[in-house]
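Student: My questions all concern the structure below.
In the numbering used here, the protein residues as written are 1 to 482.
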């Protein structure tokens with residue numbers, strides 16, 4: 001029964017109306033364009049943008065491969081682009097459920113960790129679980145790596161160590177250097193649990209390291225050989241640039257990530273996570289609770305310290321900490337429930353009542369999450385920059401003979417508009433011209449122009465007399481008369 005309820009909650013968190021919102025402006029649309037160009041050119045090693053190698057998006061292509069396969073199966077849709085992220089989020093949730101059920105005392109701890117994760121605004125939302133970005137897949141691999149390493153700390157199993165190495169290798173192939181930012185936390189966890197001396201003497205540790213470096217290094221070497229300049233772009237975009245300076249103006253205060261956690265992204269569950277960590281480290285060092293509390297606490301603490309020290313700060317950079325926080329919150333809820341049970345000498349309750357009771361605890365934060373997702377969803381339909389897709393679809397339905405026109409692009413980058421233009425070209429064989437808003441004087445008499453946003457439309461009307469062919473919301477299809 002617990003699994004049934006979990007799948008129902010996960011459906012509404014990750015999949016409900018997943019493909020209905022327009023393509024997002026920045027990273028999501030860029031990845032979608034990379035995946036679409038991969039299919040167009042059948043170029044599976046070098047990510048492409050506007051038919052050229054993309055040196056702005058320099059991450060390895062695992063996520064883009066999955067999106068390309070999804071587009072091939074489902075077509076050029078928002079759902080196809082976002083489905084790999086949603087499936088990765090579901091897999092992460094089920095991983096917490098399984099891990100807690102199997103390795104922690106009390107099968108309900110896995111259930112608690114999973115339901116905390118599916119109700120955490122920092123995890124369920126834009127740029128992580130519900131958009132076609134790297135982060136949900138990255139979190140799946142880093143979480144698998146952390147939990148596998150946790151099994152190594154508990155059992156010193158060679159298999160667990162190799163599974164951790166495989167998971168972090170996949171994390172690198174998903175988002176480059178971000179995949180290994182948390183490795184120092186694992187070293188600290190081994191030290192705090194007394195396993196570091198033994199770990200450093202294990203030959204498998206060095207074999208795993210060589211395997212990871214060999215596979216990752218081989219990819220980067222092959223990619224550089226295929227397109228010289230790639231490694232320099234990686235350094236500028238992922239290493240020295242983001243850590244040493246604020247890229248694209250994304251600079252915040254040192255305590256920004258902690259404030260977001262407390263105020264919005266994990267606010268309801270944060271106190272339980274603190275309790276879980278505090279009570280967990282008071283257990284005997286050989287207990288699963290102690291080892292998990294140390295592992296998750298160090299992972300979260302290291303990430304927050306590292307991200308807070310970086311100059312470039314974006315809200316989704318802390319995505320890998322949420323499964324660890326969910327496990328800590330589950331430990332806290334379980335410990336408090338056990339203390340209340342002992343103190344009040346309550347009778348032993350069947351698991352079904354524990355599940356129903358935890359659903360009551362979940363109701364408030366989960367309802368708030370659904371309300372926030374609804375608000376964000378509606379907001380996407382009033383942003384002029386995101387309206388081209390719906391307008392072009394309706395234009396095709398109402399003006400089927402119109403196959404050649406100009407898209408009036410916003411003055412800054414707009415990958416969302418480019419994505420919908422690409423779809424029109426590839427699936428409807430339309431002929432499109434792209435003009436920036438500052439190039440109005442290049443428009444010729446008789447040209448048909450698609451423009452979205454009242455500001456862009458007014459600029460066009462100030463210079464030209466036009467005939468309205470079709471209009472919807474803030475978008476219009478106009479023919480220039482003179």
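Don't be surprised by glycine CBs; every beta carbon is placed ideally from N, CA and C. A quick note: this is a predicted structure, and the numbers were derived from the prediction, not measured.
Please list, in chain order, all residues of the same chain as residue 265 whose beta carbon is under 6 Å from its beta carbon, the five residues on each side excluded.
Tutor: For the purposes of this step, residue 265 is taken as residue 265 along the chain shown, with counting starting at 1. Same-chain partners within the cutoff: 121, 122.
Student: Throw me the rounded Cβ distance for the residue 445 and residue 480 pair, which I believe falls under 8 Å.
Tutor: Position 445 of the chain shown, counted from the start, is the residue given in the question as residue 445. Position 480 of the chain shown, counted from the start, is the residue given in the question as residue 480. Confirmed, Cβ separation roughly 6 Å.
Student: Got a sec? Which residues, its chain only, sit under 8 Å from residue 394 by beta carbon, not counting five neighbours each side?
Tutor: Taking the chain shown and counting its residues from 1, one reaches residue 394 at position 394. If we look at residue 394 and ignore the five residues flanking it on each side, its Cβ neighbours are 470, 472.
Student: Name the two residues that bound the continuous alpha helix (DSSP H) containing residue 283.
Tutor: The residue labelled residue 283 in the question sits at position 283 within the chain shown. Element bounds for residue 283: n/a, residue is neither H nor E.
Student: Starting from the C-beta of residue 144, find all residues in its chain whose C-beta is less than 6 Å away, skip the five residues before and the five after it, and write them out in chain order.
Tutor: Taking the first residue of the chain shown as 1, we reach residue 144 at position 144. These residues qualify, in order along the chain: 167.
Student: State the Cα-Cα distance for the pair residue 422 and residue 29, rounded to the nearest angstrom.
Tutor: Position 422 of the chain shown, counting from 1, holds the residue named residue 422. Position 29 of the chain shown, counting from 1, holds the residue named residue 29. Each residue's Cα considered, the two are about 11 Å apart.
Student: Quick one: grab the DSSP three-state call for residue 382.
Tutor: Translated into the one-based positions of the chain shown, residue 382 becomes position 382. Coil.
Student: Does the contact criterion of 3 or more C-beta pairs under 8 Å hold for the segment 371–389 versus the segment 15–23?
Tutor: yes
Student: Who pairs with residue 459 in a beta bridge, going by DSSP?
Tutor: Reading the chain shown from its first residue, position 459 is the one you call residue 459. Answer is none; residue 459 lacks a bridge partner.
Student: Let me check understanding here. Comparing Cα to Cα, which of 35, 87, 2, 319 lies closest to residue 18?
Tutor: Within the chain shown, numbered from 1, the residue matching residue 18 stands at position 18. Looking at the Cα atoms, 87 is the closest of the given residues.
Student: Any idea if residue 210 is buried or exposed, counting beta-carbon neighbours within 10 angstroms, 16 or more meaning buried?
Tutor: If you number the chain shown from 1, residue 210 lands on position 210. The residue is exposed, with fewer than 16 neighbouring Cβ atoms inside 10 Å.
Student: Determine, using beta carbons only, whether residue 451 and residue 460 come nearer to each other than 8 Å.
Tutor: For the purposes of this step, residue 451 is identified with residue 451 of the chain shown, where counting begins at 1. For the purposes of this step, residue 460 is identified with residue 460 of the chain shown, where counting begins at 1. Yes, these two residues count as a Cβ contact at 8 Å.
Student: Per DSSP, residue 475 forms a beta bridge with which residues?
Tutor: Residue 475 sits at position 475 when you count from the first residue of the chain shown. Residue 475 pairs with 452, 472.
Student: Judging by CA-CA distance, which residue of 409, 15, 447, 272 is the nearest neighbour of residue 362?
Tutor: Numbered from its first residue, the chain shown carries residue 362 at position 362. Out of 409, 15, 447, 272, 272 has the C-alpha closest to the C-alpha of residue 362.
Student: Indicate whether the contact test is met: 3 or more Cβ pairs, each with one atom in the segment 8–17 and one in the segment 60–72, closer than 8 Å.
Tutor: Of all C-beta pairs linking the segment 8–17 to the segment 60–72, fewer than three are shorter than 8 Å, placing the two stretches out of contact.
Student: Do residue 97 and residue 6 have their beta-carbon atoms positioned less than 8 Å apart in this structure?
Tutor: Position 6 of the chain shown holds residue 6. Position 97 of the chain shown holds residue 97. Their beta carbons are under 8 Å apart, which means residue 6 touches residue 97 by this criterion.
Student: Within the same chain, show all residues whose beta-carbon is closer than 6 Å to that of residue 486, passing over the 5 residues directly before and after it, in chain order.
Tutor: Since the first residue of the chain shown is 1 and the last is 482, residue 486 is not available in this structure.
Student: Let me confirm a value: residue 51 is counted as buried when at least 16 other C-beta atoms fall within 10 Å, else exposed. Which label applies?
Tutor: The count along the chain shown starts at 1 and reaches residue 51 at position 51. Residue 51 comes out exposed.
Student: In the DSSP assignment, find the unbroken beta strand (DSSP E) run with residue 58 in it and report its ends.
Tutor: Indexing the chain shown from 1 puts residue 58 at position 58. Taken as a continuous stretch (DSSP letters only), residue 58 belongs to no beta strand (DSSP E), as it is neither H nor E.
Student: Any idea what DSSP makes of residue 254, helix, strand or coil?
Tutor: Stepping through the chain shown from its first residue, residue 254 is reached at position 254. Three-state DSSP puts residue 254 in coil, outside helix and strand.
Student: Rank 321, 325, 294, 76 by C-alpha distance to the C-alpha of residue 306 and give the top, closest one.
Tutor: By one-based count along the chain shown, residue 306 stands at place 306. Answer by Cα proximity: 321.
Student: Over the uninterrupted beta strand (DSSP E) stretch that includes residue 409, give me the two end residues.
Tutor: Within the chain shown, numbered from 1, the residue matching residue 409 stands at position 409. Here the beta strand (DSSP E) through residue 409 covers 404–409.
Student: With 16 other CB atoms within 10 Å as the buried threshold, where does residue 1 fall?
Tutor: Counted from its first residue, the chain shown places residue 1 at position 1. The residue is exposed, with fewer than 16 neighbouring Cβ atoms inside 10 Å.
Student: What whole-angstrom Cβ distance do residue 292 and residue 331 have, given they're in contact under 8 Å?
Tutor: Locating residue 292 in the chain shown gives position 292, where the first residue counts as 1. Locating residue 331 in the chain shown gives position 331, where the first residue counts as 1. Rounded, the Cβ-Cβ distance is 7 Å, consistent with contact.
Student: Straight-line CA distance for residue 148 to residue 161?
Tutor: For the purposes of this step, residue 148 is taken as the residue at position 148 of the chain shown. For the purposes of this step, residue 161 is taken as the residue at position 161 of the chain shown. Those two C-alpha atoms are separated by around 7 Å.
Student: Whole-angstrom Cβ separation of residue 220 and residue 231, contact assumed at under 8 Å?
Tutor: Looking up residue 220 in the chain shown gives position 220. Looking up residue 231 in the chain shown gives position 231. Confirmed, about 7 Å.
Student: For residue 80, which residues of its own chain have a beta-carbon under 6 Å away from its beta-carbon, when the five flanking residues on both sides are left out?
Tutor: Within the chain shown, the letter at position 80 stands for residue 80. 70, 71, 74.
Student: Between which residues of its own chain and residue 302 is the CB-CB distance below 8 Å, once the five residues before and five after are set aside?
Tutor: Looking up residue 302 in the chain shown gives position 302. When the five nearest sequence neighbours on each side are left out, the beta carbons in the same chain lying within less than 8 Å of the beta carbon of residue 302 are those of 182, 184, 185, 188, in order along the chain.
Student: With H, G and I counted as helix, E and B as strand and the rest as coil, what does DSSP make of residue 215?
Tutor: As a working note, residue 215 is residue 215 in the chain shown. Residue 215: helix per DSSP, three-state reduction.
Student: On the three-state DSSP scale, how would you describe residue 38?
Tutor: The count along the chain shown starts at 1 and reaches residue 38 at position 38. The answer is helix: DSSP assigns residue 38 an H, G or I state.
Student: Using only CA atoms, which one of 259, 328, 289 lies nearest to residue 304?
Tutor: Here residue 304 corresponds to residue number 304 of the chain shown, with the count starting at 1. Residue 304 has its Cα closest to that of 259, out of 259, 328, 289.
Student: Roughly how many angstroms lie between the CA atoms of residue 190 and residue 429, to the nearest whole one?
Tutor: Walking along the chain shown from the start, residue 190 turns up at place 190. Walking along the chain shown from the start, residue 429 turns up at place 429. About 58 Å.
Student: Verify whether the separation of the beta carbon atoms of residue 89 and residue 129 is less than 8 Å.
Tutor: Here residue 89 corresponds to residue number 89 of the chain shown, with the count starting at 1. Here residue 129 corresponds to residue number 129 of the chain shown, with the count starting at 1. Taking 8 Å as the Cβ cut-off, residue 89 and residue 129 qualify as a contacting pair.
Student: So is residue 353 buried or exposed if we call it buried at 16+ other beta carbons inside 10 Å?
Tutor: What you label residue 353 is simply residue 353 of the chain shown in a count that begins at 1. Counting Cβ neighbours within 10 Å, residue 353 comes out exposed, since fewer than 16 surround it.
Student: Using the Cα positions of residue 276 and residue 159, report the straight-line distance between them to the nearest angstrom.
Tutor: Indexing the chain shown from 1 puts residue 276 at position 276. Indexing the chain shown from 1 puts residue 159 at position 159. Between residue 276 and residue 159, the C-alpha separation is close to 28 Å.
Student: To the nearest angstrom, how far is the alpha carbon of residue 92 from that of residue 196?
Tutor: Your numbering for residue 92 matches position 92 in the chain shown. Your numbering for residue 196 matches position 196 in the chain shown. When rounded, the distance between both Cα atoms is 27 Å.
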